[in-house]
Amino acid sequence: MMHIFDIQTDGPGLYEITGDVRRWLNRQGDGVVVLMVRHTSASLLIQENADSDVQRDLRAFFDRLVPPSDNPSMKYLRHTAEGPDDMPAHIKAAMMPVSLTIPVAAGRPALGTWQGIYLFEHRTRPHAREVAAQFLSA
Amino acid sequence: MMHIFDIQTDGPGLYEITGDVRRWLNRQGDGVVVLMVRHTSASLLIQENADSDVQRDLRAFFDRLVPPSDNPSMKYLRHTAEGPDDMPAHIKAAMMPVSLTIPVAAGRPALGTWQGIYLFEHRTRPHAREVAAQFLSA
Amino acid sequence: MMHIFDIQTDGPGLYEITGDVRRWLNRQGDGVVVLMVRHTSASLLIQENADSDVQRDLRAFFDRLVPPSDNPSMKYLRHTAEGPDDMPAHIKAAMMPVSLTIPVAAGRPALGTWQGIYLFEHRTRPHAREVAAQFLSA
Numbered sequence: 183m184m185h186i187f188d189i190q191t192d193g194p195g196l197y198e199i200t201g202d203v204r205r206w207l208n209r210q211g212d213g214v215v216v217l218m219v220r221h222t223s224a225s226l227l228i229q230e231n232a233d234s235d236v237q238r239d240l241r242a243f244f245d246r247l248v249p250p251s252d253n254p255s256m257k258y259l260r261h262t263a264e265g266p267d268d269m270p271a272h273i274k275a276a277m278m279p280v281s282l283t284i285p286v287a288a289g290r291p292a293l294g295t296w297q298g299i300y301l302f303e304h305r306t307r308p309h310a311r312e313v314a315a316q317f318l319s320a
Numbered sequence: 183m184m185h186i187f188d189i190q191t192d193g194p195g196l197y198e199i200t201g202d203v204r205r206w207l208n209r210q211g212d213g214v215v216v217l218m219v220r221h222t223s224a225s226l227l228i229q230e231n232a233d234s235d236v237q238r239d240l241r242a243f244f245d246r247l248v249p250p251s252d253n254p255s256m257k258y259l260r261h262t263a264e265g266p267d268d269m270p271a272h273i274k275a276a277m278m279p280v281s282l283t284i285p286v287a288a289g290r291p292a293l294g295t296w297q298g299i300y301l302f303e304h305r306t307r308p309h310a311r312e313v314a315a316q317f318l319s320a
Numbered sequence: 183m184m185h186i187f188d189i190q191t192d193g194p195g196l197y198e199i200t201g202d203v204r205r206w207l208n209r210q211g212d213g214v215v216v217l218m219v220r221h222t223s224a225s226l227l228i229q230e231n232a233d234s235d236v237q238r239d240l241r242a243f244f245d246r247l248v249p250p251s252d253n254p255s256m257k258y259l260r261h262t263a264e265g266p267d268d269m270p271a272h273i274k275a276a277m278m279p280v281s282l283t284i285p286v287a288a289g290r291p292a293l294g295t296w297q298g299i300y301l302f303e304h305r306t307r308p309h310a311r312e313v314a315a316q317f318l319s320a
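Protein chains in written order, with this note's numbering: chain W, 183 to 320; chain R, 183 to 320; chain H, 183 to 320.
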């Protein structure tokens, strides 16, 4: 059955959901878990879970690659009515995944040692985010 | 059974296929739908479906990030025989997804209110594109 | 049952695994194959398999977009202790997929004529990489 993970965000950055996914998968067997964020201004990443500087640097890189729409370099953008962070959020959500599919063995996601699952919030204001999840048996 | 969606494109930009996917899923139950574009110069996006300026701005951003190969800044590229839009199309197809996996509940894709499914054509000339689709029951 | 593909890399670039995936799928029927790289400094791409200049150009583009962290333009990065190629590798692994889902018909991945499956190694030193695979029947 489909499950919805509810994630409350409070500004741009990575929010780890690995523990939530692990707990939900706990009684499943072999298969895959599918995750999809139900929004167009946030992404889902599998990323390194050891040094929090990695998460900080990811945000710093993408903020430079896709500056706010009130930055002079971005003045060609037209979708600006919802704020200077809105169109860059859509661009980041095109560039980084919104759906992930992860193999599962004996109820455990087959992540590597250093991999965690993250919601990457791209908007400035707090948002209530939904991640739809489905488990499929192999 | 695998299905092929045929999409005729007529220049770069986003082509919505949400309706086609919804109709095809109509008699399925719970599970996931897998979509994969069978080409290396187009992408599949889940993106905002309300303001068409978002689609225009996405194209504008990626055309600036990955200019045509006859642009002076791109003169280091070697794969140029198929036209100045060809290698940039491969780069965009590396940067934006070519496969999507979407949870399905009661025959309906679990998309958020503002999410649509799009083929993003990266080539200039018209192309006949194929998107392979598979439904898996949960 | 989940399978692990072992890929030994020897520097940055694309390593084709299409043949390995085809052989492993050989006795399966209709469904999908899920692939996920179990590392945060490598990606999985479906890309063009005809002209090797495409693979060379992909690497050249992303090396310019995400320079080493000892490059003056990247001095804002903090996660630098593991070498100048490490944080750029994480950024590339955020920007290009780490999981792929591919429809399968009669035991054959439904790839287009020009599509191959590649591990994209982002690190400089040789690495032993694992790609987890799961087949799901439709």
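Beta carbons are placed, not taken as given, at the ideal position from N, Cα and C, and that holds for glycine. Keep in mind the model is a prediction, meaning the values are calculated, not measured.
Of the residues the options, which one's Cα is nearest the Cα of residue i?
i	options	result
residue 306 of chain H	H:185, H:191, H:186, H:187	H:191
residue 314 of chain R	R:267, R:202, R:194	R:202
residue 226 of chain R	R:319, R:242, R:271, R:290	R:271
residue 231 of chain W	W:309, W:310, W:293	W:293
residue 195 of chain W	W:284, W:255, W:235	W:235
residue 295 of chain W	H:222, H:242, H:289	H:222
residue 218 of chain R	H:302, H:287, H:311, H:301	H:287
residue 285 of chain R	R:252, R:205, R:248, R:215	R:215
residue 242 of chain R	W:265, W:242, W:276	W:276
residue 240 of chain W	H:237, H:200, H:274, H:238	H:274
residue 310 of chain R	R:183, R:193, R:185	R:193
residue 317 of chain R	R:303, R:253, R:282, R:260	R:282
residue 204 of chain R	R:224, R:265, R:320, R:300	R:300
residue 197 of chain W	W:247, W:237, W:320	W:237
residue 290 of chain W	W:256, W:206, W:266, W:279	W:206
residue 244 of chain H	H:302, H:183, H:184	H:302
residue 213 of chain R	W:229, W:185, W:199, W:304	W:185
residue 278 of chain H	W:189, W:248, W:229	W:229
residue 233 of chain H	R:188, R:187, R:200, R:261	R:261
residue 188 of chain H	H:209, H:304, H:312	H:312
Exposed or buried, residue i, counting other C-beta atoms within 10 Å across all chains shown (16 or more means buried)?
i	result
residue 298 of chain H	buried
residue 258 of chain R	exposed
residue 269 of chain W	buried
residue 220 of chain H	buried
residue 224 of chain R	buried
residue 211 of chain R	exposed
residue 254 of chain W	exposed
residue 183 of chain H	exposed
residue 308 of chain R	exposed
residue 267 of chain H	buried
Name the one or two DSSP bridge partners that residue i has.
i	result
residue 290 of chain H	H:287
residue 188 of chain W	W:312
residue 259 of chain W	Its beta-bridge partners do not exist; DSSP assigns none.
residue 281 of chain R	R:218
residue 264 of chain W	Paired residues: none, contrary to the question.
residue 318 of chain H	H:214
residue 299 of chain W	W:228
residue 195 of chain W	W:303
Under 7 Å between C-beta atoms, does residue i make it to chain A?
i	result
residue 227 of chain R	In the structure shown, chain A does not exist; the protein chains are W, R and H.
Q: Could you name the residues of the segment 234–245 of chain R whose beta carbon sits closer than 7 Å to any beta carbon of chain W, in the order they occur along the chain?
A: 235, 236, 238, 239, 240, 242, 243
Q | Residues from the segment 271–287 of chain W in contact with chain H, defined by Cβ distance under 8 Å | A | Residues 277, 278, 279, 282, 283, 284, 285, 286, 287.
Q: Could I get the ranges of all uninterrupted beta strand (DSSP E) runs contained in the segment 211–243 of chain H, with 3 residues as the minimum, in chain order?
A: 213–219, 224–230
Q) What residues in the segment 298–319 of chain H have a beta carbon less than 7 Å from any beta carbon of chain R? A) 318
Q) Just by C-beta distance, which residues in the segment 186–219 of chain W are closer than 9 Å to chain H? A) If you check each beta-carbon in the segment 186–219 of chain W against every beta-carbon of chain H, the ones closer than 9 Å belong to 212, 213, 214, 216.
Q | Contact residues within the segment 252–265 of chain R, judged by C-beta distance below 8 Å to chain W | A | So the list is empty, because no residue satisfies the distance condition.
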